[in-house]
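A.B. asks: Got a structure here, written out as structure tokens. Questions coming.
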DNA sequence: GTCTATACGCCGATAGAC
DNA sequence: GTCTATCGGCGTATAGAC
């Protein structure tokens, strides 16, 4: 009896390779992010998520998030907010639109290398999968900040005097498509090469000649 | 008795407002296309589809397609094939890469106006939703034909001497992003305006100056 | 041959007891 | 936090009505 109990405790100890703490909300989000990015929202079940964080039952997730949808929504907000903050930071540290956009592009490429799931989620997740009605572009803070950069660039004479939305479209159309191909392994990953080259072309579509 | 029969025949006749036939495979595909484009693959149930084609039971769909997945696959093939054929036609009728690409762009804009579901499906559906393993880009005939146009353009000196994949990336990055915004109503629909303007910018990224 | 009604099996999300 | 139970929805299979 006592032995059996000891063994059970032993096993329990081994399971908790994570030293002491139980489980943090952020671990759940991180695990979900990976899974959503890999397999998509609908192909990811709560069972997958609970496995990824080493829980025995999906019920354990409920302390953090009531529903699977709530996980995706939280993730979405967190990533967009974080990106938005990065943009603020970039705008603070640089004055010219060209510099700001260059840093944004650098950030996106860096993330694509180091945390592809984030880019996957940021650019290619269909929010309609987990949001009742997809948020219009203009309600997204990060988008508006990028547009702002372009508007200022136009006013300051750095960027061609065209509709800011069109300019956004040209510039980020190229960037986004490039990232997409990188994520697919359709383009080889010698990043330093592209990064400058792609930047030059994208900037060339909107720069005042 | 005879009267009843007569009435029944009468009713039957009225039901068949579609002259004679009951339900065609293409009707199913068309209905599914609309639904998939609107709500996505997973948010569309067979019940939605059967409602859309006016059936009383989902079983009626099985005469055409064994499974829901089979519907999506058939749709995917049909659209890609049709697009591929259009490209062949365009290549036959034009000799210069610039003319060919211009016509491809015109076609895409036209479809975006007249049959947005097709563009939605063509450009923005995640094939991994219904294909066990997503087809690599290089196995898609239409993609390779577009790339071919660019390769020839490079050889003939029309297009800058850069990697054909990168050129594809620049050109269609802009086009695709534009179509995406049109589908979202993020860009107003005064197409004649954009179409030429967007084309010029996209072509400018790859044209030999 | 074309469609309906019904039923089965499965899985996922959620709630409650322990 | 875990386990168990429930509930609902979906895709699919079958048998039969017209």
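Protein chains in written order, with the numbering used here: chain A, 236 to 444; chain B, 236 to 444. Ideal placement from N, C-alpha and C gives every residue a C-beta, glycine not left out. If you're wondering where the values come from, they're calculated on a predicted model, not measured in any experiment.
#1: Going by DSSP, name the residue or residues bridged to residue 442/B.
#2: Just to make sure I have the definition right: I need the residues of chain A whose C-beta is within less than 9 Å of the C-beta of residue 329/B. Which are they?
#3: Under DSSP, the alpha helix (DSSP H) around residue 330/A begins and ends at which residues?
#4: Check this for me: beta carbons of residue 356/A and residue 415/A, under 8 Å apart or not?
#5: For the segment 343-386 of chain A, which segments carrying the alpha helix (DSSP H) assignment without a break, of at least 4 residues, lie completely within its bounds, in sequence order?
#6: Assuming residue 268/A contacts residue 284/A (C-beta within less than 8 Å), just tell me the rounded distance between them.
#7: Should residue 327/B go down as buried or exposed, given a rule of 16 or more other Cβ atoms within 10 Å for buried?
#8: Mind the definition here: the segment 428-443 of chain B touches the segment 329-347 of chain B only if three or more C-beta pairs lie below 8 Å; say whether that holds.
#9: Assuming residue 408/B contacts residue 347/A (C-beta within less than 8 Å), just tell me the rounded distance between them.
#10: For residue 369/B and residue 362/B, what's the separation of their Cα atoms in angstroms?
#11: Compile a chain-ordered list of the residues in the segment 276-295 of chain B whose CB is closer than 7 Å to at least one CB of chain A.
#12: Could you please tell me which residues of the segment 409-429 of chain B, in chain order, have their CB closer than 7 Å to any CB of chain A?
#13: Would you be able to state if there are at least three C-beta pairs under 8 Å between the segment 433-443 of chain B and the segment 379-395 of chain B?
#14: Taking only three categories from DSSP, how would you classify residue 408/B?
#15: Could you give the DSSP three-state label for residue 428/A: helix, strand or coil?
#16: Does residue 238/A come out as helix, strand or coil in the three-state DSSP assignment?
#17: Residue 264/B and residue 309/B look like a contact to me (Cβ under 8 Å); what is the Cβ gap, rounded to whole Å?
#18: Just to confirm the assignment, what range does the alpha helix (DSSP H) spanning residue 263/A have?
#19: Let's see if you can read the secondary structure: which residues bound the alpha helix (DSSP H) around residue 287/B?
#20: Less than 7 Å between C-beta atoms, sequence neighbours within five positions excluded: which residues of the same chain meet that for residue 329/A?
#21: Taking Cβ positions only, does residue 271/A come closer than 8 Å to chain B?
C.D. replies: On the basis of the coordinates in this document:
#1: Taking the first residue of the second chain as 1, we reach residue 442/B at position 207. Paired residues: 394/B.
#2: Mapped onto the second chain, residue 329/B falls at position 94. Chain A residues near residue 329/B: none, gap ~24 Å exceeds 9 Å.
#3: As a first step, residue 330/A must be located in the first chain, where it is residue number 95. That residue, residue 330/A, is in no alpha helix (DSSP H); it is neither H nor E in DSSP.
#4: Mapped onto the first chain, residue 356/A falls at position 121. Mapped onto the first chain, residue 415/A falls at position 180. Contact flag unset, no.
#5: The qualifying runs are 351-359.
#6: Working through the first chain from its first residue, we reach residue 268/A at position 33. Working through the first chain from its first residue, we reach residue 284/A at position 49. With 8 Å as the limit, residue 268/A and residue 284/A do not qualify as a contact, their Cβ atoms being about 10 Å apart.
#7: Numbered from its first residue, the second chain carries residue 327/B at position 92. Exposed, by the Cβ-count rule.
#8: yes
#9: As a first step, residue 408/B must be located in the second chain, where it is residue number 173. As a first step, residue 347/A must be located in the first chain, where it is residue number 112. The Cβ separation is near 15 Å, so there is no contact.
#10: Locating residue 369/B in the second chain gives position 134, where the first residue counts as 1. Locating residue 362/B in the second chain gives position 127, where the first residue counts as 1. Going by the C-alpha atoms only, they are around 6 Å apart.
#11: Here the close residues are 277.
#12: 409, 411, 412, 413, 416, 419, 421, 422
#13: The segment 379-395 of chain B, when compared against the segment 433-443 of chain B, does touch it at the 8 Å Cβ threshold.
#14: One-based indexing of the second chain puts residue 408/B at position 173. In the structure shown, residue 408/B sits in a helix (DSSP, three-state: H, G or I).
#15: To locate residue 428/A, count along the first chain from 1; it is residue 193. Here residue 428/A sits in helix by DSSP.
#16: Translated into positions along the first chain, residue 238/A becomes position 3. Note that residue 238/A scores 38 on pLDDT, short of 50, meaning its location in the model is unreliable; the coordinates nonetheless yield the value given after this. Note: residue 238/A maps to helix in three-state DSSP.
#17: On the second chain, residue 264/B is found 29 positions in, with the first residue counted as 1. On the second chain, residue 309/B is found 74 positions in, with the first residue counted as 1. Sure, about 6 Å apart at Cβ, within 8 Å.
#18: The count along the first chain starts at 1 and reaches residue 263/A at position 28. Residues 260-274.
#19: The residue labelled residue 287/B in the question sits at position 52 within the second chain. For residue 287/B, the uninterrupted alpha helix (DSSP H) run begins and ends at 281-287, by DSSP.
#20: Here residue 329/A is taken as the residue at index 94 of the first chain, counted from 1. Excluding its 5 nearest sequence neighbours in each direction, residue 329/A has C-beta neighbours in its own chain below 7 Å: 335, 338, listed in chain order.
#21: The count along the first chain starts at 1 and reaches residue 271/A at position 36. Closer than 8 Å: no.
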